[in-house]
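Engineer:
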Amino acid sequence: MDAALRSLLDWYASMGVDVPKVPPVRVSRPKRRALPDTRTTSSTPSKPAINTALPTRVAPALSKIRTLDTLKEAMISYDAGALSDTARQPVFARGNPEAKLMVIGEAPGREEDIQGKPFIGPAGQLLDRMLGAIALGEDDFYATNVINWRLPKNRNPTPDDLSICRPFLEKHIELAQPKALLLVGGISMTALTGMTGIMKNHGQWQDVTIAGTTYPAMSLYHPAFLLRRPELKKDAWRDLLSLREKLLSL
Ligand code: URA
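Laid out in structure tokens, this is it:
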């Protein structure tokens, strides 16, 4: 038995599921045509698209951005003040930008800060196993966070941190155009739905409107929380089945 299958079966077993009969489900969308790139072709290095930490002044610059690559470049050159001073780099995304499902986590940790990709530390590995249990591989989702820079000592984000990152998150969702959002953890749920209390609101589907488009969004217990509270994995499993149903219907 290969390691991936063993890890999947371990995950089922830990949730009290006897027979893992989950047929593969194709949830990737057909390729979209690339949006036109707004970057200049000048041979001299262009100035950073955005150079202020004030979210209200970021919005006009972001409104000119038409591709995920350009958004990523803008974030790399962005001075987010204390946020970008203490982090190695912005953590942008991983997975398939064409996927139906956009996963939105909380904030990068140490591993993510080093590699510049979200959800690759221990919590990310559990998240991969959780999604794998409903037959979603890395090609079937696109992951980012509500906070794009690692916070010192992994502290919780402040309202200021969230509002600095918010315009980037909205633009990111607008460009990726997913069919559904998975909000991983209470901070992401509150940031995008305004609801508080992941214990009572996980697994519920809510409409989230970003830039004029409404997305169905479900909140899921954060895998780091499940690592501390494994008895809640059964609830997470129910939520994952609801996610699978939703994706099949979209
Ligand atoms: N890593 C991330 O990228 N996001 C989280 O929410 C947790 C770990």
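Quick note on my numbering: the sequence shown kicks off at 2 and runs consecutively. Using N, Cα and C, we set each Cβ at its ideal position, and we do this for glycine too.
Could you check the C-alpha separation between Asp162 and Ser64 for me, to the nearest Å?
Structural biologist: Numbered from its first residue, the sequence shown carries residue 162 at position 161. Numbered from its first residue, the sequence shown carries residue 64 at position 63. When rounded, the distance between both Cα atoms is 21 Å.
Engineer: In three-state DSSP terms, what is Gln90?
Structural biologist: In the sequence shown, the residue the question calls residue 90 occupies position 89. Residue state, collapsed to three classes: coil.
Engineer: State yes or no: is the C-beta of Pro119 within less than 8 Å of the C-beta of Val147?
Structural biologist: Mapped onto the sequence shown, residue 119 falls at position 118. Mapped onto the sequence shown, residue 147 falls at position 146. No, Cβ-Cβ distance for Pro119 and Val147 is not below 8 Å.
Engineer: When the Cα of Ala177 is compared with those of Ala60, Val104, Asp80 and Ala75, which residue comes out closest?
Structural biologist: The sequence position of residue 177 within the sequence shown is 176, counting from 1. Comparing Cα positions, the closest option is Val104.
Engineer: To the nearest angstrom, how far is it from the Cα of Met219 to the Cα of Pro109?
Structural biologist: In the sequence shown, counting from the first residue as 1, residue 219 sits at position 218. In the sequence shown, counting from the first residue as 1, residue 109 sits at position 108. Whole-angstrom Cα-Cα distance: 21 Å.
Engineer: Would you check whether the ligand URA has a heavy atom nearer than 7 Å to the C-beta of Val104?
Structural biologist: Along the sequence shown, one-based indexing puts residue 104 at 103. Checking the Cβ of Val104 against the ligand URA gives no.
Engineer: Just curious, the alpha helix (DSSP H) that Leu228 is in, first and last residue?
Structural biologist: Walking along the sequence shown from the start, residue 228 turns up at place 227. Start and end: Pro224 to Arg229.
Engineer: Give the secondary structure of Arg200 by DSSP, where H, G and I count as helix, E and B as strand, and everything else as coil.
Structural biologist: Along the sequence shown, read from residue 1 onward, the residue named residue 200 stands at position 199. Arg is not the amino acid found at residue 200; the sequence shown has Met there. Here Met200 sits in helix by DSSP.
Engineer: Buried or exposed, going by whether 16 or more other CB atoms sit within 10 Å of the CB of Arg111?
Structural biologist: Taking the first residue of the sequence shown as position 1, residue 111 is located at position 110. Result: exposed.
Engineer: Listed in chain order, which residues are found with a beta carbon closer than 7 Å to a heavy atom of the ligand URA?
Structural biologist: Listed along the chain, these residues meet the criterion: Val92, Gly106, Glu107, Ala108, Pro109, Gly110, Glu113, Pro119, Phe120, Gly122, Ala124, Gly125, Asn146, Val185, Gly186, His223 and Ala225.
Engineer: Ignoring anything shorter than 3 residues or poking outside the region 57-121, list the beta strand (DSSP E) runs there in chain order.
Structural biologist: Taking only runs of at least 3 residues, the beta strand (DSSP E) segments lying wholly in the region 57-121 are 102-106.
Engineer: Apart from the five residues on each side of it in sequence, which residues of its chain come closer than 7 Å, Cβ to Cβ, to Leu227?
Structural biologist: As a first step, residue 227 must be located in the sequence shown, where it is residue number 226. Leu127, Leu233, Lys234 and Ala237.
Engineer: So, helix, strand or coil for Asn146, using DSSP?
Structural biologist: The residue labelled residue 146 in the question sits at position 145 within the sequence shown. If DSSP states are grouped into helix, strand and coil, Asn146 belongs with the strands.
Engineer: What's the call for Asp114, buried or exposed, on a 16-neighbour Cβ count within 10 Å?
Structural biologist: As a working mapping, residue 114 is identified with position 113 in the sequence shown. Counting Cβ neighbours within 10 Å, Asp114 comes out buried, since at least 16 surround it.
Engineer: Classify Ala124 as helix, strand or coil using the three-state DSSP reduction.
Structural biologist: Locating residue 124 in the sequence shown gives position 123, counting from the first residue. DSSP places Ala124 in helix when its eight states are reduced to three.
Engineer: Would you give the residue range spanned by the beta strand (DSSP E) that Pro217 belongs to?
Structural biologist: On the sequence shown, position 216 is the one that residue 217 refers to. Note, Pro217: beta strand (DSSP E), Thr214 to Leu221.
Engineer: Three or more C-beta pairs closer than 8 Å, one from the region 187-201 and one from the region 81-97: is that the case here?
Structural biologist: These segments do not touch.
Engineer: Alpha carbons only, please: which of Asp140, Ile211, Ser164 and Thr210 is nearest the one belonging to Ala94?
Structural biologist: Here residue 94 refers to the residue found at position 93 of the sequence shown. Minimum Cα distance to Ala94 is reached at Asp140.
Engineer: Tell me the rounded alpha-carbon separation between Asp70 and Trp206.
Structural biologist: Taking the sequence shown and counting its residues from 1, the one referred to as residue 70 is at position 69. Taking the sequence shown and counting its residues from 1, the one referred to as residue 206 is at position 205. So the two alpha carbons sit approximately 30 Å from each other.
Engineer: Please state whether the Cβ-Cβ distance between Lys73 and Pro179 is less than 8 Å.
Structural biologist: For the purposes of this step, residue 73 is taken as residue 72 along the sequence shown, with counting starting at 1. For the purposes of this step, residue 179 is taken as residue 178 along the sequence shown, with counting starting at 1. Cβ atoms of Lys73 and Pro179: not closer than 8 Å.
Engineer: Assuming Lys247 and Pro224 form a contact by the criterion Cβ under 8 Å, report the distance between their Cβ atoms to the nearest whole angstrom.
Structural biologist: By 1-based counting over the sequence shown, the position of residue 247 is 246. By 1-based counting over the sequence shown, the position of residue 224 is 223. Actually they are not in contact, since the Cβ atoms of Lys247 and Pro224 sit about 19 Å apart, beyond 8 Å.
Engineer: Let me check one thing: in DSSP terms, what residues is Trp238 bridge-paired to?
Structural biologist: Translated into the one-based positions of the sequence shown, residue 238 becomes position 237. Note: Trp238 sits in no beta bridge, so no partner.
Engineer: Does Ser195 pass the burial test, meaning 16 or more other C-beta atoms within 10 Å, or should it be called exposed?
Structural biologist: Residue numbering aside, residue 195 sits at position 194 when the sequence shown is read from its first letter. It is worth fixing the name first, because residue 195 is Gly in this sequence and not Ser. Result: exposed.
Engineer: Quick check on the DSSP output: the alpha helix (DSSP H) that includes Ala177 runs from which residue to which?
Structural biologist: Your numbering for residue 177 matches position 176 in the sequence shown. Segment Pro160 to Ala177, the alpha helix (DSSP H) holding Ala177.
Engineer: Would you tell me roughly how many angstroms separate the C-alpha atoms of Gly213 and Ala136, rounded to the nearest one?
Structural biologist: Mapped onto the sequence shown, residue 213 falls at position 212. Mapped onto the sequence shown, residue 136 falls at position 135. Roughly 31 Å separates the two Cα atoms.
Engineer: Given this structure, state the Cα-to-Cα distance separating Arg230 from Thr215, to the nearest angstrom.
Structural biologist: Counted from its first residue, the sequence shown places residue 230 at position 229. Counted from its first residue, the sequence shown places residue 215 at position 214. Straight-line Cα distance between these residues: approximately 32 Å.
Engineer: Could you name the residues that DSSP lists as bridge partners for Leu182?
Structural biologist: As a working note, residue 182 is residue 181 in the sequence shown. DSSP lists Met103 and Ala218 as partners of Leu182.
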